[in-house]
Amino acid sequence: ENKKEEEIIRNLCEKYLDIDKLNWIKRSCQNMMPVMRVHMITNLLGLLKGMLMAKAGETSYDEDMYERLFLYAFTWSLGALLETSDRLRLHEQLKKWSEGKNFPECESPATIYDYYVEQSTDSKDFGFWCPW
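The sequence shown begins at 1 in UniProt numbering and counts up by one.
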């Protein structure tokens, strides 16, 4: 299980944290305050780790669930300090990068920032995007 999880997370990092995507964010978006890229990525991994540690007992996640959690962590780390207009820009770009897969279906003006991934196994929405 751990080896599989490691491989999935490594693949997600390669998919979403490649230098072209990181450079796109730096060129196209403005943070409200200066922050180093390494800190944003550290925050992403810390947030992801926290969500995975909260995984209930023997609950297993499929690859889609991992990608949803990764996109959530990406949004609230690399995109946390963006100005409102740049949040919309990042929303559109993440949707493009993910090819719409495992991305919340939201109608304007809502964005990925208005959703979370339900992790409660008691919920009928377990594993899916839900509005705040």
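C-beta atoms are modelled at their ideal positions from N, C-alpha and C, and glycine is treated no differently. Just so it is clear, the structure is predicted and the values come from calculations on it, not from any experiment.
Between Phe74 and Leu94, the CB-CB gap stays under 9 Å. Classified as exposed, Ile19 has fewer than 16 neighbouring CB atoms from the shown chains inside 10 Å of its CB.
Rounded to whole angstroms, the gap between the alpha carbons of His39 and Ala80 is 12 Å.
Ser77 is not a Cβ neighbour of Ile25, given a cutoff of 9 Å. Distances from the alpha-carbon of Glu6 to those of Leu48, Ser28, Cys130, Met36 put Leu48 closest. Cys106 is positioned such that its CB atom lies no closer than 9 Å to that of Tyr116.
Approximately 6 Å separates the beta-carbon atoms of Ser120 and Phe126; this is inside 8 Å, confirming the contact.
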